[in-house]
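K.L.:
Quick note on the working numbering: the sequence shown kicks off at 80 and runs consecutively.
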Amino acid sequence: MITTNNSLISLNLNNNWIPASGIIAIFNALRINKALQNLEIGSNDIGAEGAPSVSECLASNRTFKMLNIESSKISDEEIKVIAKGLQSNSTLREINLELNQIGNEGAREIGEIFKTNERITRLNLRSNRIGDEGTEFLCEALKVNETIVQLDLWGNCIRADIRKISTNLLDIRF
Numbered sequence: 080m081i082t083t084n085n086s087l088i089s090l091n092l093n094n095n096w097i098p099a100s101g102i103i104a105i106f107n108a109l110r111i112n113k114a115l116q117n118l119e120i121g122s123n124d125i126g127a128e129g130a131p132s133v134s135e136c137l138a139s140n141r142t143f144k145m146l147n148i149e150s151s152k153i154s155d156e157e158i159k160v161i162a163k164g165l166q167s168n169s170t171l172r173e174i175n176l177e178l179n180q181i182g183n184e185g186a187r188e189i190g191e192i193f194k195t196n197e198r199i200t201r202l203n204l205r206s207n208r209i210g211d212e213g214t215e216f217l218c219e220a221l222k223v224n225e226t227i228v229q230l231d232l233w234g235n236c237i238r239a240d241i242r243k244i245s246t247n248l249l250d251i252r253f
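1) Report, in whole angstroms, the separation of the C-beta atoms of K144 and R172, which I expect to be a contact under 8 Å.
2) With which residues is L89 paired in a DSSP beta bridge?
3) For I237, which residues from the same chain have a beta carbon less than 8 Å from its beta carbon, with the 5 sequence-adjacent residues on both sides left out?
4) Do I181 and S154 have their beta-carbon atoms positioned less than 9 Å apart in this structure?
5) Going by beta-carbon coordinates alone, are I102 and N84 separated by less than 9 Å?
6) Apart from the five residues on each side of it in sequence, which residues of its chain come closer than 6 Å, Cβ to Cβ, to G129?
7) In chain order, which alpha helix (DSSP H) runs of at least 4 residues are fully inside the region 136 to 201?
8) Does L230 come out as helix, strand or coil in the three-state DSSP assignment?
9) Identify which residue in R201, S169, P131, C136 has its Cα closest to the Cα of T226.
10) To the nearest angstrom, how far is it from the Cα of S206 to the Cα of E119?
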């Protein structure tokens with residue numbers, strides 16, 4: 080049904096304890112959906128098993144504007160897989176990755192994406208495991224990406240002096 084539905088533009092499946100097998104089925108179906116723009120599927124079990132399906136869907140789906148995959152067992156390894164799909168996605172504007180286990184290496188992957196992806200405007204990375212090094216990767220990407228208008232890093236492991244540098248960079252751009 081989700082593959083052929085042409086009227087549903089927003090779907091909220093947050094907090095449904097969907098296992099990885101269900102996540103895979105949903106994202107495989109959404110690869111060919113031509114209408115859905117907003118998908119909230121946070122607090123479900125994406126993890127290592129579901130990350131490839133998320134990536135493949137992002138690479139082929141041309142309607143997504145917002146994706147919420149907060150609290151979905153996504154670490155650096157999973158974000159590396161998902162990042163491959165983000166590289167070729169040209170429609171996604173907002174992504175919520177809050178409350179995952181993304182660290183410095185994941186931040187590096189995301190930073191690399193933002194050096195070339197000029198569509199995403201909002202990124203929520205609250206309450207992950209990003210430290211000073213990861214924040215520096217993201218700031219470097221912001222030097223060349225002029226479309227990000229909101230980057231939320233609240234609740235990560237960032238020293239005060241790095242936060243000041245980050246804030247100064249954002250103040251210059253806005």
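Using N, Cα and C, we set each Cβ at its ideal position, and we do this for glycine too. Owing to the predicted nature of the structure, the values given are computational and were not obtained by experimental measurement.
P.N.:
Straight from the coordinates:
1) Position 65 of the sequence shown, counted from the start, is the residue given in the question as residue 144. Position 93 of the sequence shown, counted from the start, is the residue given in the question as residue 172. Their Cβ separation, rounded to whole angstroms, is 5 Å, which keeps K144 and R172 in contact under 8 Å.
2) On the sequence shown, residue 89 is found 10 positions in, with the first residue counted as 1. For the sequence presented, residue 89 should be read as Ser rather than Leu. Answer is N117, bridged to S89.
3) Numbered from 1 along the sequence shown, position 158 holds the residue referred to as residue 237. Apart from the 5 residues on each side of it in sequence, I237 sits with its Cβ closer than 8 Å to the Cβ of I209, G210, D211, T214, S245 in its chain, given in chain order.
4) Within the sequence shown, numbered from 1, the residue matching residue 154 stands at position 75. Within the sequence shown, numbered from 1, the residue matching residue 181 stands at position 102. Pairing S154 with I181 gives a Cβ-Cβ distance under 9 Å.
5) As a first step, residue 102 must be located in the sequence shown, where it is residue number 23. As a first step, residue 84 must be located in the sequence shown, where it is residue number 5. No, the pair does not count as a contact, with Cβ atoms beyond the cut-off.
6) Walking along the sequence shown from the start, residue 129 turns up at place 50. Cβ within range, chain order: A99, I102, I103.
7) The qualifying runs are 155 to 167, 183 to 195.
8) Numbered from 1 along the sequence shown, position 151 holds the residue referred to as residue 230. Three-state result, L230: strand.
9) The residue given as residue 226 occupies position 147 in the sequence shown. That would be R201, whose Cα lies nearest to the Cα of T226.
10) Translated into the one-based positions of the sequence shown, residue 206 becomes position 127. Translated into the one-based positions of the sequence shown, residue 119 becomes position 40. Spanning the two alpha carbons is a distance of roughly 18 Å.
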